[in-house]
Amino acid sequence: MAIQWEIKAFDVLSVHELYDLLRLRSEIFVVEQNCVYLDLDGKDKVALHLIGSFEGKIVAHSRLFKPGISFDNASIGRVTVDANYRDRKWGHDLMRESIAGIAHHFGESKITIGAQLYLKKFYESHGFVQTSEMYLEDDIPHIEMKRE
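In full-length UniProt numbering, the protein residues as written are 1 to 148.
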C-alpha cells in the first residue's frame, strides 16, 4: 500500500485530522528536536495542508502558502514525516507533492522556505538554493532558500 496524498484548506480539516497533524508536528518539532516553541502561529488557518496518510494514519504533512503570507514568494512550511516512516524516503515525496501543490493551487513556481540548516542538501535536491546567512529560529540554525 502506498502513501495517499490530499490537500485540504483549514476549514475542511476534520477535528481528527487537525489533532493528528498537530500531534505529528509536536512529536517532531517539540519533542524530537527538544525545542519549546509555539507551533500554533496563526498561519494554519490561511494555509493549505498537504497530508500524507498510510494505512489510515497521518504520517506526513506540510503547509502550503500563497505569496505574501510567510515570504514574498509562495512558501512551504512545517515539513514533517513521522520518524517511524523516514526509512521510506517519503520526505522526498512530500516535497515533490508540496511543490506541485503550490503550482496547482497558486499558479506559482517561485518558492521561498526557511529551512533548518542540517536539511540544506535535502532541499537542494529539490531545486532550492541558499539565499541567506545562517540565522537562529527558536535556537535552531536555519537558512532561507529559494526555488525559481
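Heads up, the beta-carbon is just placed ideally off N, CA and C, and yes, glycines get one too.
First through last residue of the beta strand (DSSP E) which encompasses residue i
i, result
"F65", "K57 to F65"
"L136", "Y135 to E137"
"F54", "L48 to F54"
"M145", "I140 to R147"
Three-state class that DSSP yields for residue i in the structure shown
i, result
"S98", "helix"
"S132", "coil"
"I28", "helix"
"K43", "coil"
"A9", "strand"
"G91", "helix"
Where the alpha helix (DSSP H) containing residue i begins and where it ends
i, result
"E108", "Here E108 belongs to no alpha helix (DSSP H), and DSSP marks it neither H nor E."
"E124", "K120 to E124"
Paired residues, beta bridge with residue i - DSSP
i, result
"S75", "F65 and T112"
"V81", "A60"
"Q4", "S53"
Exposed unless 16 or more other CB atoms sit within 10 angstroms - verdict on residue i
i, result
"A9", "exposed"
"N84", "exposed"
"E97", "buried"
"A74", "buried"
"A47", "buried"
"S70", "buried"
"M1", "exposed"
"H16", "exposed"
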